[in-house]
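Protein chains: 2
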Amino acid sequence: MPIAAKIRDALETSSMIRKMFEEGNALKKIHGDDKVFDFSIGNPDLEPPPAFHDVFLRLAGEDKPGSHGYMPNGGFPEVREALAEKSSREQGVKLDASCLIMAVGAAGGLNTVFKTILNPGDEVIVSRPFFMEYRPYTANYGGVLVELDSLPDFNLDLEAIKVRLSPKTAAVLINSPHNPTGRVYPAETIKSLAGILEAHGKASGRYPYLVSDEPYREIVYGLEVPPVLSAYPESIVVSSYSKSLSLPGERIGYVAVNPNIRDKDAVMNGLIYATRVLGYVNAPALMQRIVAELTKERVDVGIYERRRDAFKELLDAAGLGYAEPEGAFYLFCKVPAKGHESAGDDRAFAEHLKKYLILGVPGSSFGTPGWLRFAYCVDEKRIRASGPAFKKAMEEW
Amino acid sequence: MPIAAKIRDALETSSMIRKMFEEGNALKKIHGDDKVFDFSIGNPDLEPPPAFHDVFLRLAGEDKPGSHGYMPNGGFPEVREALAEKSSREQGVKLDASCLIMAVGAAGGLNTVFKTILNPGDEVIVSRPFFMEYRPYTANYGGVLVELDSLPDFNLDLEAIKVRLSPKTAAVLINSPHNPTGRVYPAETIKSLAGILEAHGKASGRYPYLVSDEPYREIVYGLEVPPVLSAYPESIVVSSYSKSLSLPGERIGYVAVNPNIRDKDAVMNGLIYATRVLGYVNAPALMQRIVAELTKERVDVGIYERRRDAFKELLDAAGLGYAEPEGAFYLFCKVPAKGHESAGDDRAFAEHLKKYLILGVPGSSFGTPGWLRFAYCVDEKRIRASGPAFKKAMEEW
Numbered sequence: 008m009p010i011a012a013k014i015r016d017a018l019e020t021s022s023m024i025r026k027m028f029e030e031g032n033a034l035k036k037i038h039g040d041d042k043v044f045d046f047s048i049g050n051p052d053l054e055p056p057p058a059f060h061d062v063f064l065r066l067a068g069e070d071k072p073g074s075h076g077y078m079p080n081g082g083f084p085e086v087r088e089a090l091a092e093k094s095s096r097e098q099g100v101k102l103d104a105s106c107l108i109m110a111v112g113a114a115g116g117l118n119t120v121f122k123t124i125l126n127p128g129d130e131v132i133v134s135r136p137f138f139m140e141y142r143p144y145t146a147n148y149g150g151v152l153v154e155l156d157s158l159p160d161f162n163l164d165l166e167a168i169k170v171r172l173s174p175k176t177a178a179v180l181i182n183s184p185h186n187p188t189g190r191v192y193p194a195e196t197i198k199s200l201a202g203i204l205e206a207h208g209k210a211s212g213r214y215p216y217l218v219s220d221e222p223y224r225e226i227v228y229g230l231e232v233p234p235v236l237s238a239y240p241e242s243i244v245v246s247s248y249s250k251s252l253s254l255p256g257e258r259i260g261y262v263a264v265n266p267n268i269r270d271k272d273a274v275m276n277g278l279i280y281a282t283r284v285l286g287y288v289n290a291p292a293l294m295q296r297i298v299a300e301l302t303k304e305r306v307d308v309g310i311y312e313r314r315r316d317a318f319k320e321l322l323d324a325a326g327l328g329y330a331e332p333e334g335a336f337y338l339f340c341k342v343p344a345k346g347h348e349s350a351g352d353d354r355a356f357a358e359h360l361k362k363y364l365i366l367g368v369p370g371s372s373f374g375t376p377g378w379l380r381f382a383y384c385v386d387e388k389r390i391r392a393s394g395p396a397f398k399k400a401m402e403e404w
Numbered sequence: 008m009p010i011a012a013k014i015r016d017a018l019e020t021s022s023m024i025r026k027m028f029e030e031g032n033a034l035k036k037i038h039g040d041d042k043v044f045d046f047s048i049g050n051p052d053l054e055p056p057p058a059f060h061d062v063f064l065r066l067a068g069e070d071k072p073g074s075h076g077y078m079p080n081g082g083f084p085e086v087r088e089a090l091a092e093k094s095s096r097e098q099g100v101k102l103d104a105s106c107l108i109m110a111v112g113a114a115g116g117l118n119t120v121f122k123t124i125l126n127p128g129d130e131v132i133v134s135r136p137f138f139m140e141y142r143p144y145t146a147n148y149g150g151v152l153v154e155l156d157s158l159p160d161f162n163l164d165l166e167a168i169k170v171r172l173s174p175k176t177a178a179v180l181i182n183s184p185h186n187p188t189g190r191v192y193p194a195e196t197i198k199s200l201a202g203i204l205e206a207h208g209k210a211s212g213r214y215p216y217l218v219s220d221e222p223y224r225e226i227v228y229g230l231e232v233p234p235v236l237s238a239y240p241e242s243i244v245v246s247s248y249s250k251s252l253s254l255p256g257e258r259i260g261y262v263a264v265n266p267n268i269r270d271k272d273a274v275m276n277g278l279i280y281a282t283r284v285l286g287y288v289n290a291p292a293l294m295q296r297i298v299a300e301l302t303k304e305r306v307d308v309g310i311y312e313r314r315r316d317a318f319k320e321l322l323d324a325a326g327l328g329y330a331e332p333e334g335a336f337y338l339f340c341k342v343p344a345k346g347h348e349s350a351g352d353d354r355a356f357a358e359h360l361k362k363y364l365i366l367g368v369p370g371s372s373f374g375t376p377g378w379l380r381f382a383y384c385v386d387e388k389r390i391r392a393s394g395p396a397f398k399k400a401m402e403e404w
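For the protein sequence lines, the chains are A and B, in the order given.
If you read the first sequence in the working numbering, its first letter stands for residue 8, the second for the next number, and so on.
If you read the second sequence in the working numbering, its first letter stands for residue 8, the second for the next number, and so on.
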């Protein structure tokens, strides 16, 4: 066997998603890029803000000696300090450089965290729907992802989480603003969850970590994302600049650890060691320096908001229901059930939409059949132009 | 337990190396940076070549739309093509973009390869001394590193490798130019190794991969590094621009796969999948574009060569023997044995050298006691200035 059995199996599974992607590309080849309404990919299309270009150009001009060399595995101390300050403002607790390490994007950060905290067989609780890469991110380290349904409004089902906690629970993983629903978990939900974890820790002796994946924190519409670190000491935030500064290809993110976490030294040394041996070694040097100067910048969220509103308008007009998105850049739509079906068939609906040259991702790909995700990382004009296609698709479903 | 058992154990082990590092820092604090001869760290101190600065500044000025966005996990197709051409020149076989993926440095590349090829319990054969991170890089995926001694001249012990091959052997891992010895494996050695692996594959049905870690390929003194891909079809080269362009902090490297490898599609899809789920997602976008324009550039190797010669001169004068370095930037010295010892005590010698404010790394840290590594990533003047200290240290050993 030329490759590992697990990888071979994974390739067979992921070939389905690739097939969908390839079919989309085939549609574009037949009909032309500008005729297909591709809402399938969550790839931020906005350019980084002007301040990014300024800093980028200035650092390239200076190009100081040693600026592309190694630094401590956790990142440049002054960068960690700058981001700790930013995290302090967001999280309502005082962090310093010793609480934060730089990561190769949030994906690298999550792998680093799971490598650090998971023993084989340990469980990570997550709420459906969820970003499917969480499965390999935990399985990479022998972890088991425990997938629970969320409430009908896509808030966390705290009762279900409470019941499922066990001595094997290493972490509860949340993602807010949420992919694919756009949900932002309210402060009371975070506080109640913290209370449940605290009580479970007290009773069992093992306090599960609350791991918060927050790459969309700055992509919100008229509200703030409640802090996680101030709610529960055993908490870890993972984030990136892929969305807030539109730098997904540059792989720059961080892991911020609660200053009051138990055995903080072991956790931080573990994260630094994991960063090293997983082969990240460190987050890219230049981008570290750039984001440290941009802690108060973000892309123009108003653009995403106008797209969201345009998209909601056309879905309303077409009669397609959706979860109210408070952040991120996704609309999670309820697939209309046919006849005596209890839930709409999301795969069939995705196929149906293709006839009208509309591409979306079935909720099954996030663990929640009966729904369909549209990403609005697409020009507002294109969104508006898709209105008649949506209407026709709904009439003929 | 707040962190994974394996990580906790690893931290305990690696604390020894940290201790050494901290003691070096303490020496510098007491005596001043300019008084300590720190030859312990293999951190390239040369600046990237002028052509790097030109491309960097031009790309920063243009900053084209989409240039920081996602691209396919394997990297930008045109970058892969450019590096495939470069690899074709170096390796004596014709590669195209489909044979190569971009990686987060060679460390990221090796992790990606091992994730792709290793089933739990599979063995990777390596020759002592070796870069110690190979241990976690294989253990991360349940692999077992089989450590064999090399010949007295630090060439590969082919007979020992041949005897140790088994149905569990997934790969033989080599590193040339070699850290810590500076050895470059001759073409005949590579060819003989290929013959052994080929014969083993024919007999057992499992052809071990030959994985060649080559970040030092361009740091050589008056010779060329023989190709690996043209010698054996089941071969994979991992490399980076950390040394050749002095960009270690930017984490940019690649994995080049033999175009004639068995089940090439499975291997390439596996590598791409592993890159994705290990959280690298892709190599940093900007650096991909920069290195693609610099495939014929490298740092001024003459500087390293002059340092090497200066270092050899002072070791000769002090009476300290070493392996003849043909590449990389290390001198591996034989610790003089005392009295009836069969080999010198490298840890004791490292401690002894500290009294003369000289820092090196004991061979034990590379699996080969009785030797000591000096890195000459240090200004030539500093190297020359250390002569009297070496002499005195040797006299008093």
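Using N, Cα and C, we set each Cβ at its ideal position, and we do this for glycine too.
All of these numbers come straight from a predicted model, not from anything done at the bench.
is_contact[residue i, chain B] using C-beta, thresh 8 angstroms
i	result
Ile124(A)	yes
Pro222(A)	no
Tyr144(A)	yes
Arg391(A)	no
Arg258(A)	yes
Ala344(A)	no
is_contact[residue i, chain A] using C-beta, thresh 8 angstroms
i	result
Met294(B)	yes
Asn6(B)	Because chain B in this structure spans residues 8 to 404, residue 6(B) falls outside the shown range and cannot be described.
Arg269(B)	yes
Val218(B)	no
Tyr287(B)	yes
Asn32(B)	no
Asn50(B)	yes
Under 8 angstroms between C-beta atoms of residue i and residue j
i	j	result
Thr119(B)	Leu278(B)	yes
Val284(B)	Tyr311(A)	no
Phe83(A)	Arg296(A)	yes
Glu154(A)	Arg135(A)	yes
Phe28(A)	Val385(A)	no
Phe44(A)	Ser372(A)	no
Ala324(A)	Lys399(A)	no
Pro9(B)	Lys250(B)	no
Leu252(B)	Glu304(B)	yes
Leu200(B)	Leu163(B)	yes
Under 8 angstroms by beta carbon: chain A residues contacting residue i
i	result
Ser21(B)	Tyr280
Ala273(B)	Pro9, Ile10, Arg15 and Leu18
Asn80(B)	Within chain A, no residue comes near Asn80(B); the closest Cβ sits about 11 angstroms away, beyond 8 angstroms.
Alpha-carbon spacing of residue i relative to residue j, whole angstroms
i	j	result
Lys209(B)	Val232(B)	28 angstroms
Tyr214(B)	Tyr141(B)	21 angstroms
Tyr337(A)	Asn126(B)	38 angstroms
Gly334(B)	Glu85(A)	35 angstroms
Asp103(A)	Arg315(B)	42 angstroms
Leu379(A)	Gly99(B)	50 angstroms
Pro159(A)	Lys13(B)	40 angstroms
Val274(A)	Thr123(A)	7 angstroms
Ala299(A)	Ala330(A)	35 angstroms
Ala114(B)	Gly346(A)	55 angstroms
Range covered by the alpha helix (DSSP H) that runs through residue i
i	result
Leu217(B)	Per DSSP, Leu217(B) belongs to no alpha helix (DSSP H); it is in the beta strand (DSSP E), Tyr216 to Asp220.
Gly260(B)	Not the alpha helix (DSSP H): Gly260(B) falls in the beta strand (DSSP E), residues Gly260 to Val264.
Ile108(A)	Unbroken run through Ile108(A) is the beta strand (DSSP E), Leu107 to Ala110; no alpha helix (DSSP H).
Leu158(A)	Here Leu158(A) belongs to no alpha helix (DSSP H), and DSSP marks it neither H nor E.
Ile310(B)	Val308 to Ala325
Arg354(B)	Asp353 to Lys361
Beta strand (DSSP E) segment containing residue i, residue limits
i	result
Lys341(B)	Tyr337 to Lys341
Val244(B)	Ser242 to Ser247
Chain-ordered chain B contacts of residue i [CB-CB under 9 angstroms]
i	result
Asp70(A)	Glu54, Pro55, Phe59, His60, Phe63 and Leu64
Proximal chain B residues relative to residue i, where beta-carbon distance stays under 7 angstroms
i	result
Leu254(A)	His75
Asn118(A)	Leu285 and Gly286
Interface partners of residue i on chain A, CB under 9 angstroms
i	result
Val151(B)	Per Cβ cutoff of 9 angstroms: no residues; Val151(B) is ~14 angstroms from chain A at best.
Val111(B)	Val111, Gly115, Arg258, Gly286, Tyr287, Val288 and Pro291
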